[in-house]
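Engineer: This is the structure I want to talk about, given as structure tokens.
Protein chains in written order, with my numbering: chain A, 233 to 539; chain B, 233 to 539; chain C, 233 to 539; chain D, 233 to 539.
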């Protein structure tokens, strides 16, 4: 039977405890590698918006508590600094709706589009489909493609806001961190001190307005501890290996992801470095995961069958 | 019958005439909208490498003439500044081989990977398949996916090197500029003064070592002049609309492409600007076309069926 | 009489306690506004190098403890979130030597200059003069110009490494934070939780190799709490007002500093915003403080007599 | 007696001829090294604004001809590709007024300050003093510090707009290119094909609103051809050597300028490369010349007495 780790009530969330990944907060649960765990989460708004309340209204009502909260820290038995934590994403339970917002001062085109007003739009989710209604009467139905927006472990000695991605994971907003795939994270603290939240029902590349269809959800995962050191998060699907790196400017995120992918081909697949570099120039796939957070995130991928 | 515009012999190519898109060079041909035209081109090396000669050797032998040469300028009858030139890409004839190179001082990981030696690798092409051989004995066969690397019109008053992309087109290295698709270019000169070259048999996102499988090829196209003004190149496939913008840093290329895509949704598909912004945050696809040229290129796409 | 707050012995420094500015660590001292305080500090190496030991050797000997440590947190009585903490820098006592290092993987030209070896160079300081000896026999004597490299308060809920600058201050490496000047910092925690360290005997603009003449020193300061909210650190000298902002890419650090300076002219000197913008285009001074840390730092200045 | 090269009447300026530096336009004059030459220039607006006409009004009246025009090309006898052209700036004659403008879509804080209206402000110049009047009644008198904003030679085969800086010089907007100093430019064409214009009576670091006090002026210079190859413009004053490089993002402009300064110390002053790198980290001065043009410009300097 799957053990459940419940999110805290949203009024008990705290900024230091839930809006950072950090080595200071007491674990909320201790988990063994191999256990199947279901983790319930709040949406990136911290559970304060809904069909009857925009993000703007929630802030005006003083409801804003913990932004982009994670459920955690979860202590993974047997993990030590220098290890790699593998997190197999088994399933994501979708709720009935999610919310997208334009938040002035945030978003990839802030300052590039004049005069944007704050707004929150609720999209309904049913049978794996999302229904988006424009303000002018269009109704668009398209497939949900849920994934975990924020997932990571404690940094070595900092407490890093959950809005930021980094070598420790965090707010990568990478659609490849989805059911069926495994994410690998570099462990910096005894017990790893894992957390996740900020699930998205669907997201476009770049997450350009700063939000996706943000949902509260339940995520089923299984952990494994690997005695091996990596520098940045990696993702593996049935067909692909992928690296996920974050930096500013965006080209540095891309360069990091490309270099990490070369490193992976060299260490695990027997490639010569310069051959890997040249071959990726012919066959790599790369997407901009997000271009709105404190660091930007790029994913680099190569099909396993080409390795 | 398809009219053919032949490339010049490679020893007659000139830097001012063939390695820039410019308003100063005499047209090599005059073409009517609606004609089917086949244009032969040199590879990005200007035709000086081959199975028996690396790029390094060609330079040492003094063969380097015009880098990244285009066949052109081609005068398109009836096109005026402020118009849009639509170029339907009908077909690309593939040659038997293409060449990839590591060129020190060039490439996305220059300075990120230590001590790279120059090298040129020939990959053979047959029946739409590319065979890549690593230096250590791996042989990888994968699908060709040919497209035009450099395609554009004359800038308004500059002569811009063909290695650079920009609002006028140029070296966008965008795999979506491929057979079956149409590219739209903003006209700045009477006659448009069109040119193309630098065809790739296949390329990974980012073109990270600075080269793809670079080929000499023959491209069949058909032109149309549209009385409408656009700011940046656009691409249309059967299913998608796409914008292609170039800048540094990379995030500015992305922001331009995203804003152009919003503009297109607003002007041609009846969307409200902020709705388009929010919806693209849920459904846009974006790829890094290249991150090696004087400006970097990003493509933003949305399926037509969602509009 | 000046009260002294002593640095911890260097073997008692911790990464969480001394290499971050944070809201989690117990204050080491409580200070009243108006008191004159002398704070002793370790150099950016955490006190482990010297005339007989390079940074490289110290790391190999396992001495590396807390990088870029601050003395703190110091609790400033009466300061509340939303206040501004003014720190008047009265004096810096110089030691007899300081150390500069080239650290591979760090520095503005990492990847731009090939094959750098790690090295540490000791420069001697006497009567306000620094003596720099090149490896090839040149001896250069020039003026010391000491300032505080790292100075800040606790962030709102993160623990941010002292190697990074930000709105909370931190590792700005700004030569204008020097004796005679006052720095203003935005308070996010009750008591401000102030810390400083990483004093430099002299530094060039950009701090391009990643280190200055790094010294252990004693800094005399006096605090004042102002009931006013600012967004980023500001500095005031007898003649100039200055803003100090940090971001990547470097242009964003510059834009933030310029905007902050306009905001200051508008709020405190009665300027119209657009007039301030246009006038700074004629009269502003701006320097790159550093281009090596996790965020880059730019200073924007205007003489008071022009306001 | 000083020979005078007169600017063309402003209605005869052309975009291809005067708003690019290029190898296509016929020289307007042939000059020998060692001759003292006075060159008259138009302001960056192309001579169309004045005390009675804003830039906005001039555009509406259809007066906009050549933006940022240079007087040239001037053929320098004896200069060949690979040479360095030294231009000693002897004097700048100031006019009675100059104009600053806010031009929406242009400027360092475009998108960072909301809702800017276009405006042009005339400042009067007398006895080396500039009088700036704010819209709200302040009158500020401060020193003129005139310099040449745009100065360069023809690129190798491109025609580059005079609004852009680059290795060939161009719109560097660098206040160190001033009377008393010498600028060195890398020659790419027989005769160098020199041009200058866009003189500024005074400018702040960054030129943040996009314009300085833009003036029509007369510049007295003397040329010298040096048989030596440089990669980027350099400036020499009585006391300092300086490199002037341009790129985006801004950090790349800075890195280029820093590397060029190291190269100069190594080639001409006998420094070891890594020693130069470390010493510049202690003693270099660096300013942001401009952060508004197609590439941004950074200057790096070191006093000669420290070399």
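Backbone N, C-alpha and C fix where the C-beta goes; we use that ideal spot for every residue, glycine too. Owing to the predicted nature of the structure, the values given are computational and were not obtained by experimental measurement.
Does DSSP put residue 242 of chain D in a helix, a strand or coil?
Structural biologist: Against the fourth chain, residue 242 of chain D aligns to sequence position 10. Note: residue 242 of chain D maps to helix in three-state DSSP.
Engineer: What did DSSP end up calling residue 254 of chain A once you bin it into helix, strand or coil?
Structural biologist: Here residue 254 of chain A refers to the residue found at position 22 of the first chain. Residue 254 of chain A: coil per DSSP, three-state reduction.
Engineer: Sort D/528, D/329 and D/516 by Cα distance to residue 480 of chain B and report the nearest one.
Structural biologist: Within the second chain, numbered from 1, the residue matching residue 480 of chain B stands at position 248. Closest option to residue 480 of chain B, Cα to Cα, is D/528.
Engineer: Report the three-state DSSP secondary structure of residue 522 of chain C (helix, strand or coil).
Structural biologist: As a first step, residue 522 of chain C is located in the third chain; it is residue number 290 there, counting from the start. In the structure shown, residue 522 of chain C sits in a strand (DSSP, three-state: E or B).
Engineer: Select from the segment 466–489 of chain D all residues with a C-beta closer than 7 Å to any C-beta belonging to chain A, and list them in chain order.
Structural biologist: Within the segment 466–489 of chain D, the qualifying residues are 481.
Engineer: At which residues does the alpha helix (DSSP H) containing residue 285 of chain A begin and terminate?
Structural biologist: On the first chain, residue 285 of chain A is found 53 positions in, with the first residue counted as 1. Segment: none, residue 285 of chain A is in no alpha helix (DSSP H) and carries neither H nor E.
Engineer: Just to confirm, are residue 302 of chain A and residue 415 of chain A a CB contact at a threshold of 8 Å?
Structural biologist: Here residue 302 of chain A corresponds to residue number 70 of the first chain, with the count starting at 1. Here residue 415 of chain A corresponds to residue number 183 of the first chain, with the count starting at 1. Against a cut-off of 8 Å, the Cβ pair of residue 415 of chain A and residue 302 of chain A comes out as no contact.
Engineer: Please go through the same chain and pick out, in chain order, the residues whose beta-carbon is closer than 8 Å to the beta-carbon of residue 267 of chain B, but skip the five residues on each side of it.
Structural biologist: Looking up residue 267 of chain B in the second chain gives position 35. 235, 454 and 455, listed in sequence order.
Engineer: Just to confirm, is the Cβ distance from residue 316 of chain C to residue 418 of chain C under 8 Å?
Structural biologist: The residue given as residue 316 of chain C occupies position 84 in the third chain. The residue given as residue 418 of chain C occupies position 186 in the third chain. The answer is yes: Cβ separation under 8 Å.
Engineer: How big is the Cα-Cα spacing for residue 390 of chain A and residue 309 of chain A?
Structural biologist: Here the question's residue 390 of chain A lines up with position 158 in the first chain. Here the question's residue 309 of chain A lines up with position 77 in the first chain. Each residue's alpha carbon lies about 21 Å from the other.
Engineer: Name the residues in the segment 322–349 of chain A whose C-beta lies less than 7 Å from a C-beta of chain B; which are they?
Structural biologist: Per Cβ criterion, the list reads 332, 334, 340, 341, 344, 345 and 348.
Engineer: I'd like the span of the beta strand (DSSP E) that includes residue 403 of chain C, first residue to last.
Structural biologist: Looking up residue 403 of chain C in the third chain gives position 171. Per DSSP, residue 403 of chain C belongs to the beta strand (DSSP E) from 401–403.
Engineer: Name the chain A residues that come within less than 8 Å of residue 516 of chain B, Cβ to Cβ?
Structural biologist: Here the question's residue 516 of chain B lines up with position 284 in the second chain. Neighbours of residue 516 of chain B on chain A, chain order: 436, 437, 438 and 440.
Engineer: Give the residues of chain A in contact with residue 444 of chain B, contact being defined as C-beta atoms less than 9 Å apart.
Structural biologist: Within the second chain, numbered from 1, the residue matching residue 444 of chain B stands at position 212. Those within 9 Å of residue 444 of chain B in chain A are 513 and 514.
Engineer: Pick helix, strand or coil for residue 537 of chain A, following the three-state DSSP scheme.
Structural biologist: Stepping through the first chain from its first residue, residue 537 of chain A is reached at position 305. Here residue 537 of chain A sits in helix by DSSP.
Engineer: Quick one: Cα of residue 486 of chain B to Cα of residue 312 of chain C, how far?
Structural biologist: Within the second chain, the letter at position 254 stands for residue 486 of chain B. Within the third chain, the letter at position 80 stands for residue 312 of chain C. Approximately 41 Å between the Cα atoms of the pair.
Engineer: Going by alpha carbons, who is nearest to residue 477 of chain C out of C/530, C/243 and C/500?
Structural biologist: Counting from one through the third chain, the residue named residue 477 of chain C turns up at place 245. Residue C/530 is the option with its Cα nearest to residue 477 of chain C.
Engineer: Taking Cβ positions only, does residue 270 of chain D come closer than 8 Å to chain C?
Structural biologist: Here residue 270 of chain D is taken as the residue at index 38 of the fourth chain, counted from 1. It does not; no Cβ of chain C falls within 8 Å.
Engineer: Looking at the secondary structure, which residues open and close the alpha helix (DSSP H) in which residue 498 of chain A lies?
Structural biologist: As a first step, residue 498 of chain A is located in the first chain; it is residue number 266 there, counting from the start. Looking at the DSSP string, the run of the alpha helix (DSSP H) that includes residue 498 of chain A is 482–501.
Engineer: Do you know offhand how far residue 516 of chain D's Cα is from residue 435 of chain C's?
Structural biologist: The residue given as residue 516 of chain D occupies position 284 in the fourth chain. The residue given as residue 435 of chain C occupies position 203 in the third chain. So the alpha carbons of these two residues sit roughly 8 Å apart.
Engineer: Taking residue 511 of chain A as part of the alpha helix (DSSP H), name the residues at either end of that continuous run.
Structural biologist: Residue mapping note: residue 511 of chain A aligns to position 279 of the first chain, counting from 1. Looking at the DSSP string, the run of the alpha helix (DSSP H) that includes residue 511 of chain A is 505–515.
Engineer: Return no unless some Cβ of chain A is closer than 8 Å to the Cβ of residue 538 of chain B.
Structural biologist: Looking up residue 538 of chain B in the second chain gives position 306. It does: the Cβ of residue 538 of chain B has a partner Cβ on chain A nearer than 8 Å.
Engineer: Along the chain, which unbroken stretches of the beta strand (DSSP E) at least 3 residues long are found entirely within the segment 359–403 of chain A?
Structural biologist: Runs found: 361–365, 371–375 and 379–384.
Engineer: Need the endpoints of the beta strand (DSSP E) that residue 455 of chain C sits in, please.
Structural biologist: The residue labelled residue 455 of chain C in the question sits at position 223 within the third chain. Segment 449–458, the beta strand (DSSP E) holding residue 455 of chain C.
Engineer: Contact between the segment 370–383 of chain B and the segment 400–416 of chain B is defined here as three or more beta-carbon pairs at a separation below 8 Å; is this criterion met?
Structural biologist: Touching, yes, given that three or more Cβ pairs across the two stretches are closer than 8 Å.
Engineer: Going by C-alpha distance, which of C/475, C/291, C/502 and C/300 is nearest residue 399 of chain C?
Structural biologist: In the third chain, counting from the first residue as 1, residue 399 of chain C sits at position 167. The shortest C-alpha separation from residue 399 of chain C is found at C/475.
Engineer: Cβ closer than 7 Å: which chain C residues qualify as neighbours of residue 359 of chain D?
Structural biologist: Here residue 359 of chain D corresponds to residue number 127 of the fourth chain, with the count starting at 1. Result: empty, since nearest Cβ-Cβ is about 18 Å, beyond 7 Å.
Engineer: Considering residue 329 of chain A, what are the terminal residues of the beta strand (DSSP E) in which it resides?
Structural biologist: Your numbering for residue 329 of chain A matches position 97 in the first chain. That run of the beta strand (DSSP E) goes 329–334.
Engineer: Leaving out five residues on either side along the sequence, give the residues of the same chain with a beta carbon under 8 Å from the beta carbon of residue 458 of chain A.
Structural biologist: Sequence index remark: in the first chain, residue 458 of chain A carries index 226 (1-based). Excluding positions up to five away in sequence, the list reads 315, 316, 317, 318 and 416.
Engineer: Identify every residue that forms a DSSP beta bridge with residue 474 of chain B.
Structural biologist: On the second chain, position 242 is the one that residue 474 of chain B refers to. Its beta-bridge partners are B/467 and B/533.
Engineer: Does any residue of chain B have a CB that is nearer than 8 Å to the CB of residue 300 of chain D?
Structural biologist: One-based indexing of the fourth chain puts residue 300 of chain D at position 68. So no, residue 300 of chain D is outside the interface.
Engineer: Give the interface partners of residue 523 of chain D over in chain C, defined as CB-CB distance under 7 Å, in chain order.
Structural biologist: By 1-based counting over the fourth chain, the position of residue 523 of chain D is 291. By Cβ distance, chain C contributes 483 and 486.
Engineer: According to DSSP, is residue 409 of chain A part of a helix, a strand, or is it coil?
Structural biologist: Translated into positions along the first chain, residue 409 of chain A becomes position 177. Correct three-state label for residue 409 of chain A: coil.
Engineer: Along the chain, where does the beta strand (DSSP E) that runs through residue 237 of chain C open and close?
Structural biologist: Counting from 1 along the third chain, the entry for residue 237 of chain C is found at position 5. Where residue 237 of chain C is concerned, the enclosing beta strand (DSSP E) stretches over 235–237.
Engineer: Which residues does DSSP pair with residue 272 of chain D in a beta bridge?
Structural biologist: Position 40 of the fourth chain, counted from the start, is the residue given in the question as residue 272 of chain D. Residue 272 of chain D is bridged to D/450.
Engineer: At a threshold of 7 Å, does residue 256 of chain A count as lining the ligand NAP (C-beta to nearest heavy atom)?
Structural biologist: Ligands displayed in this structure: none; no statement on the ligand NAP is therefore possible.
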